[in-house]
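Numbering-wise, the working numbering puts 146 at position 133 of the sequence shown, and it's gapless, one number per residue. All residues carry an ideal CB built from backbone N, CA and C; glycine is no exception. The next block holds one structure in the form of structure tokens; read it before the comments.
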Amino acid sequence: MAQAPALLDPDEPPPFEVVNPGGAANLLLVCDHASNRLPRRLGSLGLTPEQLEQHIAWDPGAAAVARGLAARLDAPLILGGYSRLAIDLNRPLESPDLIAAQSAGIPIPGNQGLRPEARTARIAALFLPYHRAIAQWLDAHPDPARQLISVHSFTPRFVGQSRPWPVGLAYGRDPRLAQQLRHVLARQSDLLVGDNQPYAIEDAHDFTLPTHAERRGMPHVMVEIRQDGLQRPAQIADWVERLAQACQHIDEALLGEPISEG
């Protein structure tokens, strides 16, 4: 099989960014869909500049919230460096949505008819380095009480349906951290908090938390913030403060024993 050239040129940004790696907080923040940047060799994938600003390319506002939390909590943070249109860092390798041929009804021409070597090049250049960075950081900082929090954002409407939750908390087999955060957030001015809404974590569709948290028995949660609440700096700052206060009220003793993958 012919081998594709390296996907990233030497002068392009790396496939992930680590912020505050020595942070003192007992948690690791990650942001899978932080960027809408595409590798130079992929061009625009046949999309318009307007389409590359939409949710199909990234989670608008998520990186700003994650960076704010890292600073506010003195927490380490690992962010993905490229658009989910190049490869979705939160999809299993066998998922058909790993490199989406269409998203939200929009065809992605540059992802259609992809040759195996081109797919392999994206995995090697973007997917594996990001997840290797998360795994290596966790391996180097073992702590049974450490928490893993993944920061995302979601659209106010999907397939014509309104999504009423300003924020949602997603989990799979282990609800410990989500339950505590939901209780604290709901107490902040009766905030409507989605319980596995608008998304739940499932092995067929999610990779980051099942791989890095569930397999380690780590308390974890995916925080989803509705994008109409992330349009202005003041809104982002408000969410950073809300989430930071909630994280600071987590009672590690109530998280109980690790729930291992079974």
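Taking DSSP's pairing of strands, which residues face GLN160 in a bridge?
Working through the sequence shown from its first residue, we reach residue 160 at position 147. DSSP output for GLN160 lists LEU40 as bridge partner(s).
Reduced DSSP category for ALA148 - H, G, I as helix; E, B as strand; rest coil
Taking the first residue of the sequence shown as position 1, residue 148 is located at position 135. The answer is helix: DSSP assigns ALA148 an H, G or I state.
Between the C-alpha atoms of GLU25 and ALA199, what's the straight-line distance to the nearest angstrom?
Reading the sequence shown from its first residue, position 12 is the one you call residue 25. Reading the sequence shown from its first residue, position 186 is the one you call residue 199. Rounded to the nearest angstrom, the two C-alpha atoms are 42 Å apart.
How far does the alpha helix (DSSP H) with LEU194 in it extend, from its first residue to its last?
For this step, residue 194 is matched to residue 181 along the sequence shown. Its alpha helix (DSSP H) spans residues 189 to 200.
Among the candidates ALA247, LEU194, ILE249 and PRO27, whose CA atom is the shortest distance from the CA of GLN160?
Locating residue 160 in the sequence shown gives position 147, where the first residue counts as 1. Selected option, being the one with the closest Cα: LEU194.
So is ILE112 in contact with chain C if we call contact Cβ pairs under 7 Å?
Among the chains of the structure shown, chain C does not appear; only one protein chain is present.
Buried or exposed, going by whether 16 or more other CB atoms sit within 10 Å of the CB of GLY275?
As a working mapping, residue 275 is identified with position 262 in the sequence shown. Caution is warranted here: a pLDDT of 43 is assigned to GLY275, below 50, making its placement in the model unreliable, and the coordinate value is therefore given only provisionally. Exposed is the call here.
Mind the definition here: the region 98 to 110 touches the region 134 to 144 only if three or more C-beta pairs lie below 8 Å; say whether that holds.
Yes: at least three Cβ pairs fall under 8 Å.
Relative to the C-alpha of PRO232, which residue among TRP252, ILE263 and PRO246 is closest?
The residue you call residue 232 lines up with position 219 of the sequence shown. Selected option, being the one with the closest Cα: ILE263.
6 Å CB neighbourhood of GLY10 in its chain, flanking five on each side removed:
The chain is shown from 14 up to 275; residue 10 falls before or after that span and cannot be answered.
Comparing C-alpha positions only, which one of ALA83, SER163, GLU66 and GLN210 sits nearest to GLU254?
Taking the first residue of the sequence shown as position 1, residue 254 is located at position 241. Considering only alpha carbons, the answer is ALA83.
Using the Cα positions of ARG50 and ILE121, report the straight-line distance between them to the nearest angstrom.
Working through the sequence shown from its first residue, we reach residue 50 at position 37. Working through the sequence shown from its first residue, we reach residue 121 at position 108. Near 15 Å, if we compare the C-alpha coordinates of ILE121 and ARG50.
Less than 8 Å between the CB atoms is what I'm expecting for PHE167 and PRO211, so what's the real figure, rounded?
Indexing the sequence shown from 1 puts residue 167 at position 154. Indexing the sequence shown from 1 puts residue 211 at position 198. The pair is a contact, with the Cβ atoms about 5 Å apart (cut-off 8 Å).
PHE140 - DSSP class collapsed to helix/strand/coil:
Residue 140 sits at position 127 when you count from the first residue of the sequence shown. Reduced to three states, the DSSP call for PHE140 is helix.
Touch check for the region 59 to 77 and the region 104 to 123: three-plus C-beta pairs under 8 Å?
The region 59 to 77, when compared against the region 104 to 123, does touch it at the 8 Å Cβ threshold.
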